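So in this note's numbering, the last spot in the sequence shown is 379, and the numbers never skip.
What follows is a single structure, written as structure tokens, with notes after it.
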Amino acid sequence: MGTGSSQFAESDWDESGSPSTRPRFEDIPENCIALVLTRLDPTEICKLARLNQAFRGASSADFIWETKLPLNYGYIVDQLGDEKVGDLGKKDLYARLCQPNPFDGGTKEIWLDKSTGGVCLSISSKALRITGIDDRRYWNHIPTEESRFKNVAYLHQIWWFEVVGEMEFQFPVGTYSLFFRLHLGRPNKRMGRRVCNLDQIHGWNVKPVQFQLTTSDGQHAVSRCVLDNPGMWVNYHAGDFVVGQPNEPTKIKFSLSQIDCTHTKVMDGLDGELAGMPSLWDIRAPGSISK
């Protein structure tokens with residue numbers, strides 16, 4: 089009988105020439121495999137699921153993915169307003185929540201970090217209060233593929249500048265960081281390449297922009313910096329806040345301002361996305377910076 093059609097591999101025979109009865113890797117009970125998988129992160133679970141049928145079956149157990157979902161996943165599902173999402177198995181639910189999920193009329197998105205299950209949020213510029221936003225001499229909204237909302241607030245020229253946002257959400261316990269995503273200069277495509285005209289940007293290097301963050305439980309953060317890196321999207325850190333009560337909503341108010349009437353400010357483009365996510369150093373709900 090040729091080796092290509094043999095029922096047993098060479099390692100499956102003992103020294104006497106009889107089939108070996110030693111336990112093999114694939115003989116591990118599926119429930120034991122599942123217990124091991126609960127101690128791994130989601131990406132490691134998915135990699136091991138490719139090993140064999142036993143690992144593939146164990147990796148789909150609901151109790152494994154229940155531990156990877158944030159404790160408030162029921163609240164998150166309710167925000168989406170899609171009853172079908174709540175009927176998914178826990179593995180499929182985790183996969184669905186790792187995708188950007190719009191809510192609140194499409195002005196906000198929520199998703200989970202694939203590796204950690206950390207909760208991330210993004211808010212469209214249309215959900216923010218922007219000084220002079222209804223006056224087309226100063227602002228208008230323009231479509232772009234460079235925003236997850238496919239639209240950004242575009243600034244022509246203004247003397248003083250303020251953007252304010254508010255949000256109430258039931259965050260899982262952890263430390264969160266809040267960022268404004270800004271761009272100096274309007275990008276375009278020319279001959280299939282991204283180009284950005286920086287000649288019309290001025291007024292931002294005179295005084296620093298101020299970022300503020302306050303929460304309903306009294307936390308407060310202030311930071312200042314000069315807007316730089318024209319031609320690039322930059323996540324500007326506004327501050328951090330800590331959530332200690334998992335079943336209570338936290339209300340946050342955040343702002344970006346430069347009150348200086350001595351110089352006009354021309355930006356050419358502002359994407360008012362806000363990104364809130366658990367900090368990398370927080371072991372209870374670690375996350376990562378996203379777009």
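Idealized CB from N, CA, C, for every residue including glycine.
Quick caveat: nothing in here was measured; it's all calculated off a predicted structure.
- Message: Judging by CA-CA distance, which residue of P296, M320, W321 is the nearest neighbour of V310?
- Response: Taking the first residue of the sequence shown as position 1, residue 310 is located at position 222. Measuring from the Cα of V310, the nearest candidate turns out to be P296.
- Query: Which class does E250 belong to by DSSP, given the choice of helix, strand or coil?
  - Reply: For the purposes of this step, residue 250 is identified with residue 162 of the sequence shown, where counting begins at 1. Three-state result, E250: strand.
- Through-space distance from I116 to K339, alpha-carbon basis: Residue mapping note: residue 339 aligns to position 251 of the sequence shown, counting from 1. Residue mapping note: residue 116 aligns to position 28 of the sequence shown, counting from 1. Using only the alpha carbons, I get a separation of about 48 Å.
- Within 10 angstroms of the Cβ of L159, are there 16 or more other Cβ atoms? Answer buried if so, exposed if not. For the purposes of this step, residue 159 is identified with residue 71 of the sequence shown, where counting begins at 1. With fewer than 16 other Cβ atoms within 10 Å, it is exposed.
- Specify, as a first and last residue, the run of the beta strand (DSSP E) that L272 falls within. Position 184 of the sequence shown, counted from the start, is the residue given in the question as residue 272. Unbroken run through L272: none, as it is neither H nor E.
- Helix, strand or coil: how does DSSP classify N293 here? The residue given as residue 293 occupies position 205 in the sequence shown. Of the three classes helix, strand and coil, the one that applies to N293 here is coil, per DSSP.
- Task: State the CB to CB distance for the pair D192 and Y264, rounded to an integer number of angstroms; the pair is presumed to be in contact (CB under 8 Å).
- Result: Position 104 of the sequence shown holds residue 192. Position 176 of the sequence shown holds residue 264. Rounded to the nearest angstrom, the Cβ distance from D192 to Y264 is 18 Å, too far for a contact under 8 Å.
- Task: Let me know if D305 comes out buried or exposed under the rule of 16 or more other beta-carbons within 10 Å of its beta-carbon.
- Result: Position 217 of the sequence shown, counted from the first residue, corresponds to residue 305. By the neighbour-count rule (16 or more Cβ atoms within 10 Å), D305 is not buried but exposed.
- Message: Quick check: the Cα distance between F342 and K172, rounded to an integer number of angstroms?
- Response: The count along the sequence shown starts at 1 and reaches residue 342 at position 254. The count along the sequence shown starts at 1 and reaches residue 172 at position 84. Roughly 33 Å separates the two Cα atoms.
- Item | Touching by the beta-carbon criterion (3+ pairs, under 8 Å), the segment 251-267 and the segment 278-286 | Fewer than three beta-carbon pairs drawn from the segment 251-267 and the segment 278-286 are found closer than 8 Å, and the two stretches are therefore not classed as touching.
- Name the residue from S147, R144, C313 whose alpha carbon lies nearest to the alpha carbon of Q300. As a position in the sequence shown, residue 300 is number 212, starting the count at 1. It is C313 whose Cα lies nearest to the Cα of Q300.
- Count the CB pairs spanning the segment 196-216 and the segment 143-154 that are closer than 8 Å, and state whether there are at least three. Too few Cβ pairs lie closer than 8 Å, so no.
- Task: State whether the segment 231-241 contacts the segment 163-178, with contact taken as three or more CB pairs (one from each stretch) at a distance under 8 Å.
- Result: At 8 Å Cβ cutoff, the stretches do not touch.
- Task: For N276, I'd like the list of residues in its chain whose CB is within less than 8 Å of its CB, leaving aside the five on either flank, ordered along the chain.
- Result: Translated into the one-based positions of the sequence shown, residue 276 becomes position 188. Once the five neighbours on either side are set aside, the close Cβ partners of N276 are R282, V283, C284, N285.
- Message: Just to confirm the assignment, what range does the alpha helix (DSSP H) spanning I226 have?
- Response: Within the sequence shown, residue 226 is the residue found at index 138, counting from 1. Looking at the sequence itself, residue 226 is Tyr, so the reference to Ile does not match. Counting along the chain, Y226 falls outside any alpha helix (DSSP H), and DSSP gives it neither H nor E.
- Message: Ignoring anything shorter than 4 residues, give me the alpha helix (DSSP H) runs that lie fully in the segment 159-235, in order along the chain.
- Response: With a minimum length of 4 residues, the continuous alpha helix (DSSP H) runs that stay inside the segment 159-235 are 161-168, 171-174, 178-185.
- Task: Please state whether DSSP places L385 in a helix, a strand or coil.
- Result: What the structure shows of the chain is the stretch from 89 to 379, and residue 385 is not part of that stretch, so it cannot be assessed.
- Please report how far the alpha carbon of W292 lies from the alpha carbon of S148, in whole angstroms. To locate residue 292, count along the sequence shown from 1; it is residue 204. To locate residue 148, count along the sequence shown from 1; it is residue 60. Answer to the nearest angstrom: the Cα atoms are 52 Å apart.
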